[in-house]
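Protein chains in written order, with the working numbering: chain B, 127 to 368; chain Y, 10 to 94; chain E, 23 to 223. Glycine residues also receive a C-beta, built at the ideal position from the N, C-alpha and C atoms. A quick note: this is a predicted structure, and the numbers were derived from the prediction, not measured. Shown next, in structure tokens, is the structure this report addresses.
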Amino acid sequence: MAGATLHGRLTWRVATVKAVVDETPRVRTLELEVPGWPGHVAGQHVDVRLTAEDGYRAERAYSLGSAPGEPPVITVERLEDGEVSPYLTREVRPGDAFEVRGPIGGYFVWRADDGGPLFLAAGGSGVVPMRAILRHRRNSMSMVKVRLLYSSRTIEDVIYREELDGEEVVHTLTRAQPPGWTGYARRVDTDLLREVAWSVGEGPLAFVCGPTSFVESVAAGLVELGYAPRRIKTERFGTTGR
Amino acid sequence: MEALDGNAIGGILYHVFGREMTMAQAECVCGARGPLAECEVYLGGPGVVVRCRVCHNIVMVFVEVREMTCVDLSGLRALELPALH
Amino acid sequence: MSVVSRGFRGRRRDADADPARVPPGQFVTHDFPVLSAGTTPHTPLDKWTFSIENGGVRRTWTWKEFSALPTESVTVDIHCVTRWSKLDTTWEGVSVDTLLDEVEQDAGYVLAFCDGGYTTNLPLEDVTGGKAWVVYTYEGEPLDPEHGGPARLLVPHLYFWKSAKWVRGLRLLDEDEPGFWETYGYHMYGDPWREQRYTGD
């Protein structure tokens, strides 16, 4: 229902937590029930608003990790100095409620008929909208070629690990690797991109999401490889204040 | 504090303009053009500050004043909105 | 009408703070959030100067000269307009009185100007008489660039947006002129005890 999300009332709605899944020691997925949810497009996010008993309020944006047609799901990484993420990743339990506004976004989105080949580059929790895109691609039986380059600190930090296990996913573990690891073991640089990203000649569409420094360095690397800036969509997550 | 981008204020932009705005093409007074999604965004302070990615001049400022959102667009030379389907 | 989320409290809050020290609408925290309107400037100390400008006259200190000035250590409460307050913060720096002693002036107002283009305005009497400092040490350590280092203005009796980060000088004026946030709707004066957050409060 893309039309409903581009133009229509965008109001705060109550979201009730149906289930929580601890993906990693720092990351938790919240499956939400939102009455009147209009459906969403892969790559969109919601704004989450929490109100305390004394009226104190905080708001943050979280990407949807589920595909169009699936109920809304957010995956939150706990930032130690955060004021919302510690609550969502530690305190929240099924039955709890907060407000969401969304779905939001029209730039960092992928619909099956946008084509490809698709090159997805995710740093840390930047993988959340990528899972929505991958699921949508699968659900829509798209024939578009896809590759996800996913950078995490250690194997324990890999979110959606079992699901992101196919040959289309290339991991790099930047801080520590398990014994016998034969994959990439460094931060993404242009050489790594040259080996992993689709060649420019194939007309790829790139999505890059994660901390600001990751996004800027990967986007610059893709431009160096010849990707047209307008074929690179970027979404920066903050490293603080979430 | 690292800057975010216009995606982070998709909700505020929708609230202010009444429609999806991250795809709107913004033209800075310096001549740079690009989608609002790609502007630099600074959040969390007394207001939301949106800057041109090229010249870093302020393009938009949003301040919540007593339940009203005050919008300053003086740094924007032009804004082109894609058609709604 | 919003939904209250069970168990949500927000930033680590000090619920035991003496209410007499907490202005209306504020919450006390032990955190020190970093809030910005642009990238963090990084002026090297050998290029840094501080100036007082009075019409065409300018008195400038280099970092070396500035750090040779007598300093004071102060412990103050600070109040940000975004509703968090932090009590008993410790700073060290030069009193604005010391700086203004070097300049002949009878201005009514100052405009603080900073690296990155930020400005904020204050009445002269709110930065004199022991009410304001240009500080470069926080909690015994050199002031971090994220928090305004090398030096920032400190005017604790007003909302903290008046304590301009990355301050490079004060311009003396006859009329009050709105600075950065004041131009966008924040109060020209900003007294947290009268909750003067926005123009018209």
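In this structure, what does DSSP give as the bridge partners for residue i?
i	result
Y/GLY40	None, per the DSSP bridge assignment.
B/LYS359	B/PHE333
E/HIS179	Per DSSP, none; premise fails for E/HIS179.
B/GLU185	B/ARG175
B/PRO255	In the DSSP output, where bridge partners are listed per residue, B/PRO255 has none listed.
B/ILE230	B/HIS171
Y/ASP81	Y/VAL70
E/LYS108	E/ILE100
B/ARG219	DSSP lists no partner for B/ARG219.
Y/CYS61	None; Y/CYS61 has no bridge partner.
B/PHE224	B/ALA141
E/SER117	E/TRP155
E/TYR220	E/TYR208
B/THR298	B/SER277 and B/TYR310
Terminal residues of the continuous alpha helix (DSSP H) containing residue i?
i	result
Y/PHE26	19 to 26
Y/LEU52	Careful: Y/LEU52 lies outside any alpha helix (DSSP H) and carries neither H nor E.
B/TRP138	Segment 138 to 150 is the beta strand (DSSP E) holding B/TRP138; no alpha helix (DSSP H) there.
E/SER89	85 to 89
Flag this pair as yes or no: are the beta carbons of residue i and residue j separated by less than 8 Å?
i	j	result
E/CYS136	E/LYS184	no
E/TRP155	E/VAL79	no
E/VAL103	Y/PRO44	no
E/LEU192	E/GLY212	no
B/VAL143	B/LEU156	yes
E/TRP113	E/PRO55	no
E/TRP70	E/PRO172	yes
B/PHE333	B/MET269	no
B/VAL226	B/SER277	no
B/SER192	B/PRO198	yes
B/LEU246	B/VAL284	no
Y/MET69	Y/LEU82	yes
B/VAL341	B/LEU275	no
What does the alpha-carbon distance come out to for the pair residue i and residue j?
i	j	result
B/GLY169	E/GLU168	31 Å
E/ASP38	B/THR298	46 Å
E/THR84	B/GLU361	41 Å
B/TRP324	B/LEU244	8 Å
B/ARG219	E/ALA134	48 Å
E/PHE49	E/TRP215	13 Å
E/ASP198	E/VAL118	18 Å
B/ALA130	B/HIS171	In this prediction, B/ALA130 has a pLDDT of 42, which is less than 50 and means its spatial position is unreliable; what the coordinates show is noted afterwards. Their backbone Cα atoms lie some 15 Å apart in a straight line.
B/PRO212	B/LEU205	7 Å
B/GLY367	E/TYR206	Its pLDDT being 39, under 50, B/GLY367 is placed unreliably in this model, and the coordinates cannot settle the point.
B/VAL160	B/GLY327	43 Å
E/THR221	E/ASP166	31 Å
B/ALA311	B/GLN303	7 Å
E/LEU57	B/GLU293	42 Å
B/VAL235	B/GLY347	21 Å
B/ALA128	E/PHE202	Legend: pLDDT at B/ALA128 = 42, less than 50; position of this residue unreliable, value from coordinates given subsequently. About 39 Å.
E/GLU147	E/VAL177	11 Å
E/GLU217	E/VAL44	11 Å
E/PRO92	E/GLY152	14 Å
E/TYR208	E/ALA59	14 Å
E/THR141	E/PHE72	14 Å
Y/ALA17	Y/GLU47	10 Å
Y/ASN29	Y/GLU76	Asn is not the amino acid found at residue 29 of chain Y; the sequence shown has Glu there. The straight-line gap from Cα to Cα measures roughly 21 Å.
E/ARG33	B/PHE363	20 Å
Y/ARG60	B/LEU351	27 Å
B/ARG216	E/THR150	48 Å
E/LEU195	E/PRO63	26 Å
B/ARG183	E/GLN127	45 Å
B/PRO151	B/ALA223	23 Å
B/ARG357	B/GLY242	10 Å
E/VAL26	B/ALA178	6 Å
B/ALA248	B/GLU289	15 Å
Beta strand (DSSP E) containing residue i: first to last residue?
i	result
B/ALA345	Here B/ALA345 belongs to no beta strand (DSSP E); instead the alpha helix (DSSP H) covers 338 to 350.
B/VAL314	Element bounds for B/VAL314: n/a, residue is neither H nor E.
B/LEU158	153 to 159
B/VAL326	Neither: B/VAL326 is in no beta strand (DSSP E) and is coded neither H nor E.
E/THR142	141 to 145
Looking at the ligand FMN, does it come within less than 7 Å of residue i, judged from the CB to the closest heavy atom?
i	result
E/GLY139	No copy of the ligand FMN appears in this structure; indeed no ligand is present at all.
Residues, ordered as in the chain, of the stretch 12 to 35 of chain Y that lie near chain B by beta-carbon distance below 7 Å: ALA12, LEU13, ASP14, ASN16, ALA17, GLY19, GLY20, TYR23, HIS24, ARG28, GLU29, THR31 and MET32
Tell me which residues of the stretch 217 to 239 of chain B have at least one Cβ-Cβ distance to chain Y shorter than 8 Å, keeping chain order. ARG227, GLY228, ILE230, GLY231, GLY232, TYR233 and PHE234
Got a sec: which bits of the stretch 169 to 184 of chain E sit with their beta carbon under 7 Å from any beta carbon on chain Y, in order along the chain? For the stretch 169 to 184 of chain E, the residues whose beta carbon sits under 7 Å from a beta carbon of chain Y are, in order, TRP183.
For the stretch 181 to 211 of chain E, enumerate the residues whose C-beta is nearer than 7 Å to any C-beta of chain Y, in chain order. TRP183, TRP203, TYR206, GLY207 and TYR208
Which of the residues in the stretch 97 to 119 of chain E, read from start to end, lie with their CB under 9 Å from any CB of chain Y? Correct list: CYS102, VAL103 and THR104.
With 8 Å as the limit, tell me which residues of the stretch 44 to 66 of chain E have their beta carbon closer than that to any beta carbon of chain Y; keep them in chain order. PRO55, VAL56, LEU57, SER58, ALA59, GLY60, THR61 and THR62
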